[in-house]
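Have a look at the structure below, then the notes.
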Amino acid sequence: MKKRKAKNFPVLILAGGGLLLIVAAVMLGMQNGTRQATPSEPVVSSGHEEETYPEIERVSLEDAKAALDAGTAVFVDVRGVDAYNLSHIPGSLSIPLAELESRLGELDPNQWIITYCT
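Mind the numbering: the sequence shown is residues 74 to 191 in the working numbering, read in order.
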């Protein structure tokens, strides 16, 4: 009887070790699944690549706020209508980016036009 126990001992060690590895893998998987992005890791997803126009000067937040307060600029929200309906700058126009080229006639080219999408 003692010989039989001695033969089963390596099998029990391997089975126990395998079980411990499985439990450790599950625990590590659960920890990685609940990890959240920290504020230092911004997540940006616009659904499309940003087009850049180096010949057009970007407007600083301070200048945009001053223009909004003074009423010296027209703000155009280029997001979709649903996003505009959820939240937008008061007094801004909704012209989705896909429609912008065909609706340029609605804008006065003599006014300062500030487009935004966030």
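A virtual CB, placed ideally from N, CA and C, is assigned to each residue, including glycine.
Beta-bridge analysis with DSSP links Leu166 to Val149.
In this structure, the CA atom of Thr125 is about 21 Å from the CA atom of Leu180. The shortest C-alpha to C-alpha distance from Gly153 to any of Asp136, Pro169 and Ile129 is the one to Pro169. DSSP, reduced to helix, strand and coil, places Tyr189 within a strand of the structure shown. By the 16-neighbour rule on beta-carbons within 10 angstroms, Asp150 is buried. Ile187 places its beta carbon 7 Å or farther from that of Val99.
In the DSSP assignment, Asp136 falls within the alpha helix (DSSP H) that extends over Leu134 to Ala143.
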